[in-house]
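Here the numbering used here is used: position 475 in the sequence shown is 638, and no number is missing along the way. Even glycine gets a Cβ: it sits at the ideal position worked out from N, Cα and C. Structure, as structure tokens:
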Amino acid sequence: YRFTGSVHELDRRDRSLHCSVSKPPAARMARIVECVPNFSEGRHKEVIEAIANAIASTEGVSLLDVDPGPSTNRTVYTFVGSPDSVVEGAMNGARAASQLIDMSRHHGEHPRMGALDVCPFIPVRGVTEEDCIQCANEFGKQLAEELGVPVYLYGKAAKEEKRVKLPSIRAGEYEGLEEKLKNPAWQPDYGPADFVPSWGATATGCRKFLIAWNVNLLATKEQAHRIALTLREQGRGPNEPGRLKCVQGIGWWLEEANMAQISMNLTDFDVTPLHIAYEEACKDAKELNLPVVGSQIVGLVPLQAIMMAADFYMEKDNLFLVEEDQKVRLAIDRLGLNSLGPFNPKERIIEYMIRSEDEPGPLASTSVCNFIKNVGARSPAPGGGSVAACVAAMGAALGAMVAFMTYGKRQFEQLDSKMRQLIPPLYTTMNDLIPFIDKDTTAFNDYMAACKLPKATSEEQAVRDQAMQEGLKKAIQV
């Protein structure tokens, strides 16, 4: 995994955390859930390491990112795995935290109410929101029973409307929790309504991918908070809502960088994307004559959010980019994501951390010579479908090649606008067809395997027929 925190404030002489490293999950991991627990410790490296190691040592879990913040005194961990694995990984992290964090001594810029403040589960691949709601309930139940602490369900796992939004549950924070637990309206969903001074309380639930993100300002904490109140959906209150839907926000001071930040949670980046929030923050800062000096992603970010920003700035500045890595670079530059430290896409974009099912398979990755020999071998697959996908991809590639060689040349500049129209679909088609070289063969093999199933009894015949139908459906879809 990647340690993405501001390392100098933890230990200026040692720029790495010594934790167990997990390999990114392979595409064969059919069911993937992401878990992003936020622990209330961001200053003591040995504690951060111990929690990371506890999570990383869980079987079936891949720890992708550890992002500590000294000013917030909070660390965000990101890991993935099967539903059962991530629940156990979260429990292992909580067990370690219960021995190492004492909330009665905790202070930091970020709102919090517990040692493990919040533990969301997010569907990534092959799972539904219902699966993640079940993860939250299983985790909440285990945490409450084993550690004897109060646990609240929030987000899509919430059982009451007033508990859907995390700020409502966390209102009053740790300091007001003892009194809050006495209120019948705020009895925990799991565990006792007892105040545990060393722990506080934990919220767990299911949500969409949340982007935790900060805009950097050379300003005061109060000025940053003023802009946050104007932008966030909650605004300054019921009678004065903010401009941006699905945005939570607060202003704080980042001591280690000697600057203020507008800290935002984008709870649905389809509603309010990164680039819109950034442009609106810049607009308000300009009105107050305050300089914006980039922004900072906390943890990981979906590729789609970065590509949406790239598309926005391409249209805004009339730019023409086709290749994904160039679009990513543009978004990083325009959003100033390198401002507080290097933003390495391979270590900060979740799709790049998890190998895709659409990555080239063994046939697409082999040499042309070997592919031809595989087709000519004494086996029905690879066959016509794989060959067709390969030839079609090559045809699209040839078209893209000619268009690229035409675009941008002075003698053909009258054709630039036409090439801008032709290149994207040709380039996209080329890339989209490559995985089908393997998918066609896999689909045919599944059908052939079904044909070989036993059929001596009516029950076996029914199973065989069903498997053959499923194999045919898959082959037809491919």
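Are residue i and residue j closer than 8 Å when you measure CB to CB?
| i | j | result |
| --- | --- | --- |
| TYR441 | ALA366 | no |
| ASP300 | ALA320 | At residue 300 the sequence reads Asn, which differs from the Asp that was named. Yes. Within cutoff. |
| PRO200 | GLY256 | yes |
| ALA423 | LYS384 | yes |
| HIS269 | SER220 | no |
| ALA448 | GLY414 | no |
| SER528 | GLN459 | no |
| ASP609 | LYS637 | yes |
| PHE599 | VAL554 | no |
| LEU340 | PHE358 | yes |
| LEU453 | LEU561 | no |
| PRO231 | GLY205 | yes |
| PHE506 | ILE495 | yes |
| ASP228 | GLY462 | yes |
| ILE374 | LEU437 | yes |
| LYS615 | GLN624 | no |
| ILE597 | VAL485 | no |
In terms of alpha-carbon separation, which member of the options lies closest to residue i?
| i | options | result |
| --- | --- | --- |
| PHE153 | LEU329, GLU341, ASP357 and GLU197 | The chain is shown from 164 up to 641; residue 153 falls before or after that span and cannot be answered. |
| LEU226 | LYS636, LYS536 and ALA253 | ALA253 |
| VAL290 | ALA213, PRO246 and TRP362 | PRO246 |
| LEU635 | GLY562, ALA606, PHE202 and ILE586 | ALA606 |
| ASP433 | ALA375, MET582 and LYS371 | LYS371 |
| ASN428 | GLU209, GLN584, ASP496 and TRP376 | TRP376 |
| TYR476 | VAL464, ARG497, GLU487 and MET631 | ARG497 |
| ALA348 | GLN629, MET611, ARG326 and ALA364 | ARG326 |
| ALA566 | ARG573, ARG583 and PHE506 | ARG583 |
| TYR515 | GLY303, GLY558, PRO465 and GLY412 | PRO465 |
| MET611 | SER542, THR620, THR591 and TYR570 | SER542 |
| ASN379 | GLU419, GLU510, LYS408 and PRO360 | GLU419 |
| GLY335 | LYS509, ALA552 and ARG275 | ARG275 |
| ASN421 | PRO525, VAL456, THR592 and GLU478 | VAL456 |
| ARG237 | LYS446, GLY398, ILE218 and ILE264 | ILE264 |
| VAL281 | ARG492, THR241, SER248 and ASN402 | THR241 |
| LYS479 | ILE586, PHE534, LEU493 and PRO360 | LEU493 |
| LEU526 | ALA630, GLU510 and ALA552 | ALA552 |
| ILE469 | ASP488, THR592 and LEU451 | ASP488 |
Could you please give the first and the last residue of the uninterrupted alpha helix (DSSP H) stretch that includes residue i?
| i | result |
| --- | --- |
| ALA566 | 547 to 569 |
| THR605 | 599 to 614 |
| CYS298 | 292 to 310 |
| GLY634 | 621 to 640 |
| GLU341 | 340 to 343 |
| SER331 | 329 to 333 |
| ILE512 | Premise fails: ILE512 is in no alpha helix (DSSP H) and is neither H nor E. |
| MET582 | 579 to 596 |
| SER528 | 525 to 528 |
| GLN350 | Premise fails: GLN350 is in no alpha helix (DSSP H) and is neither H nor E. |
| VAL434 | Careful: VAL434 lies outside any alpha helix (DSSP H) and carries neither H nor E. |
| LYS490 | 487 to 498 |
| LYS208 | 208 to 219 |
If I measure Cβ to Cβ from residue i and keep anything under 6 Å in the same chain, skipping five residues before and after, which residues do I get?
| i | result |
| --- | --- |
| GLN305 | MET254 |
| ALA416 | The question names Ala, but residue 416 is Trp in the sequence shown. Answer for TRP416: LYS384 and ALA423, listed in chain order. |
| VAL184 | Residue placement at VAL184 is poorly supported in this model, since its pLDDT is 45, which falls under 50; the coordinates still yield a value, given next. Nothing listed; no residue qualifies. |
| ALA260 | PHE202, ILE214, ALA278 and LEU279 |
| PRO233 | GLU172, GLY205, ARG206 and GLU419 |
| GLY398 | PRO404 and GLY405 |
| GLY504 | none |
Say the cut is 7 Å; is the CB of residue i nearer than that to a heavy atom of the ligand MN?
| i | result |
| --- | --- |
| ASP474 | With respect to small molecules bound, the structure shown includes none, and the ligand MN cannot be examined in it. |
Keeping to the same chain, check which residues put their C-beta closer than 7 Å to that of residue i; ignore five residues upstream and five downstream.
| i | result |
| --- | --- |
| GLY354 | ALA307, GLY311, VAL312, PRO313 and VAL314 |
| CYS647 | Because the chain in this structure spans residues 164 to 641, residue 647 falls outside the shown range and cannot be described. |
| LYS186 | Unreliable placement is indicated for LYS186, whose pLDDT of 48 sits below 50; no coordinate value is reported for it. |
| LEU578 | THR569 |
| LYS602 | VAL641 |
By Cβ distance, which residues of its chain are closer than 8 Å to residue i, with the 5 residues on each side in sequence left out?
| i | result |
| --- | --- |
| VAL538 | PRO545, GLY546, SER549 and VAL550 |
| HIS181 | In this prediction, HIS181 has a pLDDT of 45, which is less than 50 and means its spatial position is unreliable; what the coordinates show is noted afterwards. So the qualifying residues of the chain are GLU212. |
| VAL410 | LEU394, ARG395, GLU396, MET427, ASN428, LEU429, THR430, THR435 and ALA440 |
| LEU112 | Within the shown structure, residues of the chain are numbered from 164 to 641, placing residue 112 beyond reach of any answer. |
Beta strand (DSSP E) containing residue i: first to last residue?
| i | result |
| --- | --- |
| ASN377 | 374 to 380 |
| CYS282 | 279 to 288 |
| GLN397 | Run containing GLN397: none; DSSP gives neither H nor E here. |
| GLN411 | 410 to 417 |
| ILE535 | Not the beta strand (DSSP E): ILE535 falls in the alpha helix (DSSP H), residues 531 to 538. |
| VAL464 | It is not in any beta strand (DSSP E) - VAL464 carries neither H nor E in the DSSP assignment. |
Based on the DSSP output, what are the partners of residue i in its beta bridges?
| i | result |
| --- | --- |
| VAL224 | GLY244 |
| ASN201 | VAL239 and VAL281 |
| LEU316 | THR367 |
| MET427 | TRP376 and GLY412 |
| ILE195 | ARG288 |
| GLY232 | ARG237 |
| VAL455 | LEU380 |
| MET422 | LEU417 |
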